[in-house]
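In our numbering, the protein residues as written are 4 to 291. Report on the following structure.
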């Protein structure tokens with residue numbers, strides 16, 4: 004039976020002098036896109052580097068495509084595509100020349116897929132990498148990650164620096180990729196609107212700790228923001244409040260079930276909450 008998760012992270016800990024990634028646990032189910040969110044310095048890149056074995060963890064366990072760190076082999080690594088913000092290739096080489104390089108690196112390299120993606124992403128085959136814009140570099144990195152029959156993509160700020168039209172094209176590629184229910188994606192991003200379009204689950208890291216790991220639909224279809232005055236704020240049950248923020252003349256209150264809150268507090272205004280809103284309340288709001 005195939006492992007139902009592409010990635011399982013259990014109690015992952017990494018301690019630096021001024022920062023600790025603190026016993027984080029989450030998983031990426033096969034066939035899904037999981038968005039890893041959090042402010043700069045929250046630990047997203049540290050988590051991804053530890054998952055890929057690029058830094059030594061202090062505690063916890065990681066399983067990738069059903070293999071523990073001890074069982075990880077070259078064949079399994081070939082099935083993982085990786086894109087970092089700022090991915091680099093030799094500046095003097097063109098995408099055409101890089102094709103030859105990657106044929107030697109990946110046993111599963113598929114040049115037909117690669118050249119098809121170059122065309123789809125409007126990347127010139129003969130232009131040298133050093134002449135590429137940031138957006139073109141990122142698109143090339145994604146094309147490479149998708150061209151060796153990867154089953155699992157790990158992407159760190161992969162849509163960063165891209166204009167909205169190109170980002171939309173890449174998000175469509177991600178959605179196509181996970182149509183095969185054996186394929187999965189972990190993507191860290193500060194562009195939460197991208198994740199609202201494509202993610203199935205959201206993992207929120209704040210100051211090295213996981214605040215929540217929830218389905219995206221639960222976040223955007225159930226959470227809400229009550230806007231009210233002082234008297235209404237005082238009348239709201241503390242148990243219904245996830246977090247609150249005092250604005251100039253009103254209180255904004257994050258609730259986890261806006262429909263239930265609407266019935267319980269019919270005289271208040273309740274707006275839907277975006278993922279950005281939820282991050283802001285958890286990160287900067289007051290807790291009951």
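Idealized CB from N, CA, C, for every residue including glycine.
query: Would a C-beta distance cut-off of 9 Å place residue 211 and residue 25 closer than the cut-off?
result: In this structure, the beta-carbon distance from residue 211 to residue 25 falls below 9 Å.
- prompt: With residue 207 and residue 285 assumed to form a contact (beta carbons below 8 Å), what rounded beta-carbon distance in angstroms separates them?
  reply: 7 Å
query: Does the count of Cβ pairs from the stretch 237-254 and the stretch 191-205 closer than 8 Å reach three?
result: Counting Cβ pairs under 8 Å, fewer than three are found: no touch.
- prompt: When the Cα of residue 278 is compared with those of 91, 216, 16 and 113, which residue comes out closest?
  reply: 216
query: Between which two residues does the alpha helix (DSSP H) harbouring residue 57 extend?
result: Residue 57: not part of any alpha helix (DSSP H); DSSP gives it neither H nor E.
field: Own chain, CB closer than 6 Å to residue 11, minus 5 neighbours either side, in chain order
entry: 30 and 66
- prompt: How is the beta strand (DSSP E) around residue 269 delimited, first residue to last?
  reply: Segment: none, residue 269 is in no beta strand (DSSP E) and carries neither H nor E.
task: Kindly give me the distance between the Cβ atoms of residue 132 and residue 97, rounded to whole angstroms, as I take these residues to be in contact under 8 Å.
output: Residue 97 and residue 132 do touch by the CB rule: their CB atoms are close to 7 Å apart, below 8 Å.
message: Is it the case that the stretch 35-46 contacts the stretch 101-117, given that we only count it when at least three CB pairs across the two stretches are under 8 Å?
response: no
task: Would you mind stating whether residue 51 and residue 68 have Cβ atoms separated by less than 9 Å?
output: No; because the gap between Cβ atoms is not below 9 Å, this pair is not in contact.
query: Which residue or residues does DSSP assign as beta-bridge partners of residue 254?
result: 231 and 249
query: For residue 4, is the classification buried or exposed, using 16 other Cβ atoms within 10 angstroms of its Cβ as the cut-off for buried?
result: Note that residue 4 scores 40 on pLDDT, short of 50, meaning its location in the model is unreliable; the coordinates nonetheless yield the value given after this. Answer is exposed; the Cβ neighbour count stays below 16.
- request: Following the continuous beta strand (DSSP E) through residue 21, name the residue where it begins and the one where it ends.
  value: Taken as a continuous stretch (DSSP letters only), residue 21 belongs to no beta strand (DSSP E), as it is neither H nor E.
- prompt: Residue ranges of each alpha helix (DSSP H) run of no fewer than 4 residues wholly in the stretch 166-239, ordered along the chain?
  reply: 167-180, 195-201, 219-225 and 233-238
Residue 188 to residue 28 span [Cα, whole Å]: 17 Å
task: Output the boundary residues of the alpha helix (DSSP H) element that contains residue 286.
output: 278-287
query: Taking DSSP as the reference, what is the three-state secondary structure of residue 4?
result: At residue 4, the pLDDT of 40 sits below 50, so the modelled position is not reliable; the number obtained from the coordinates is stated separately. Correct three-state label for residue 4: coil.
query: Cβ of residue 243 within 9 Å of Cβ of residue 263?
result: When the beta-carbon positions are compared, residue 243 and residue 263 come within less than 9 Å of each other.
query: Using the C-alpha atoms, what's the distance from residue 21 back to residue 36?
result: 31 Å
query: For residue 205, which residues of its own chain have a beta-carbon under 7 Å away from its beta-carbon, when the five flanking residues on both sides are left out?
result: Excluding sequence neighbours, residue 205 sits near 38, 40, 198, 217, 219, 222 and 278.
- prompt: Which one of 201, 213, 240 and 258 has the shortest CA to CA distance from residue 229?
  reply: Comparing Cα-Cα distances from residue 229 to each of 201, 213, 240 and 258, the minimum goes to 258.
- request: Would you decide whether residue 290 is buried or exposed? Buried here means 16 or more other CB atoms lie within 10 Å of its CB.
  value: When all chains shown are included, residue 290 counts as exposed.
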